[in-house]
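Scroll down for the structure; my scribbles are underneath it.
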Amino acid sequence: MTQHPATKLRGYLVSWCVLLALLLVTLGTAYLPLGWVNTAINLMISVTQAAIVLLFSMHLRSAHPTLRIVAASGFFGIAILIGLSLTDFLTR
Amino acid sequence: MASAAPPLAPQFDDVEQQRDASKLGIWIFLATEILFFGVLFAAYAITRVNHPAAFAAGSRLTDVSLASINTAVLLTSSLTMALGVHAAQSGTPRATVGWLAATVALGTAFLVVKAMEYRVDYIEHLVPTVNFFYPGPQSGQVELFFYLYFVVTGVHALHVFIGVAVISVIAYMAWNNTFSPEYFTPVDLTGLYWHLVDIIWLFVYPLLYLISRS
């Protein structure tokens, strides 16, 4: 909110460049024969990209804590949903 | 130039409180959207854990180049949307309209590429219940992958379509000088929705298109 407009604009441009670079990395590494590590790398890059969009484009970096908690709650819900489901399927 | 002091609803003390309430509202909605897609990702995780080979085979049949182009298109549309919100906040309606129009164009481009992809899937007999045919082993499990592929990308494309429609309306409002540095909440909230649709795609892309490419 209190950020200087020019700083904000540069933030958008830099994060766009980083996001596109990460897209190339995730696409490129997918062609390396690494087995399950491919998916781990892809997901780590996706999480990084999502964090960039959340913090910069969606302004969570400077947002009120209430907003951050609400935003986190959705992802927390997914983590429980997928995590607890897989404790069953991965241990059969 | 930019008209209208922001209309202050009677339940709020001031404009800032009203703006915060709107933001909280859209974030609660976005959290439900995250959970909505979360169910699909959970279905994906369970099915893939049970049939890893079939998912690898299915993923190799998807069009990775079109999907990669679409990812870049969507990331760029997120940038133009952010610039549109910034322009609305700065009280420059013409720039706002321009950036929002660019976002609409990029969103539409995404949908066109998606349609091209679906067309190729149809020609290659990859559409479950319509014409699915896979000659290799585990054909039923590969079909499961394509069920998830069409449901996830279809529901996501529907979100993009809704986004394009809403941004068009917002651009029209900006054209009519509805927004000012004191009142740009509709642009801001639409932007948050658009960025979330972008984030969801950032997970859909590697999980559907990049399994076992080597």
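Protein chains in written order, with numbering that gives the first Met the number 0: chain D, 0 to 91; chain C, 0 to 213. Note that CB positions come from ideal geometry on N, CA and C, so glycine has one too. Given the structure is predicted, the values throughout are model-derived calculations rather than measurements.
Exposed unless 16 or more other CB atoms sit within 10 angstroms - verdict on residue i
{"i": "C:D12", "result": "exposed"}
{"i": "D:M0", "result": "Here D:M0 scores only 48 on pLDDT, less than 50, and its place in the model is too uncertain to base an answer on."}
{"i": "C:H155", "result": "buried"}
{"i": "C:N175", "result": "exposed"}
{"i": "C:I161", "result": "exposed"}
{"i": "C:T61", "result": "buried"}
{"i": "C:S58", "result": "buried"}
{"i": "C:L78", "result": "buried"}
{"i": "C:T177", "result": "buried"}
{"i": "C:L207", "result": "buried"}
{"i": "C:S241", "result": "In this structure chain C extends from 0 to 213, so residue 241 of chain C is not present and cannot be described."}
{"i": "D:L33", "result": "exposed"}
{"i": "C:M115", "result": "exposed"}
{"i": "C:Y182", "result": "buried"}
{"i": "C:P205", "result": "buried"}
{"i": "D:S14", "result": "buried"}
Range covered by the alpha helix (DSSP H) that runs through residue i
{"i": "C:S77", "result": "V63 to Q88"}
{"i": "C:N49", "result": "V14 to N49"}
{"i": "C:F149", "result": "S138 to W174"}
{"i": "C:V126", "result": "Segment: none, C:V126 is in no alpha helix (DSSP H) and carries neither H nor E."}
{"i": "D:Y11", "result": "P4 to T28"}
{"i": "D:L67", "result": "The sequence given here has Arg at residue 67 of chain D, not Leu. Its alpha helix (DSSP H) spans residues P64 to F88."}
{"i": "D:I40", "result": "W35 to I51"}
One or two residues paired with residue i in a DSSP bridge
{"i": "C:S179", "result": "C:Y182"}
Checklist entry - When you check each C-beta in the segment 21 to 42 of chain D against every C-beta of chain A, which residues fall closer than 8 Å? => result The question asks about chain A, but that chain is absent: this structure's protein chains are D and C.
Checklist entry - How do the segment 160 to 167 of chain C and the segment 103 to 112 of chain C stand: do at least 3 beta-carbon pairs fall below 8 Å, yes or no? => result yes
Item to check | Touch test, the segment 80 to 99 of chain C against the segment 117 to 134 of chain C, Cβ-Cβ under 8 Å, three pairs minimum | outcome: no
Checklist entry - Between the segment 45 to 56 of chain C and the segment 133 to 149 of chain C, do three or more beta carbon pairs fall short of 8 Å? => result yes
Item to check | Residues of the segment 40 to 70 of chain C with Cβ closer than 7 Å to any Cβ of chain D, in chain order | outcome: F40, A41, A44, I45, V48, N49, S67 and T70
Checklist entry - When Cβ atoms are compared, which residues of the segment 4 to 22 of chain D fall closer than 7 Å to chain C? => result P4, K7, L8, Y11, W15, L18, L19 and L22
Checklist entry - Can we say the segment 39 to 57 of chain D touches the segment 75 to 86 of chain D, given the rule of at least three CB pairs closer than 8 Å? => result no
Next on the checklist: Using a Cβ distance threshold of 8 Å, determine whether the segment 19 to 39 of chain D contacts the segment 57 to 70 of chain D, with at least three qualifying pairs required.
Outcome noted: no
Checklist entry - Would you say the segment 64 to 82 of chain C touches the segment 108 to 117 of chain C, given that touching needs at least three Cβ pairs under 8 Å? => result By the criterion of at least three beta-carbon pairs nearer than 8 Å, the segment 64 to 82 of chain C is in contact with the segment 108 to 117 of chain C.
Item to check | Proximal residues, the segment 87 to 111 of chain C versus chain D, C-beta separation under 8 Å | outcome: S89
Item to check | Cβ-based contacts, 8 Å cut-off: residues of the segment 15 to 26 of chain C near chain D | outcome: D19, K22, L23 and W26
Checklist entry - Between the segment 61 to 73 of chain D and chain C, which residues of the former have CB atoms less than 7 Å from a CB of the latter, in chain order? => result H63, T65, L66, V69, A70, S72 and G73
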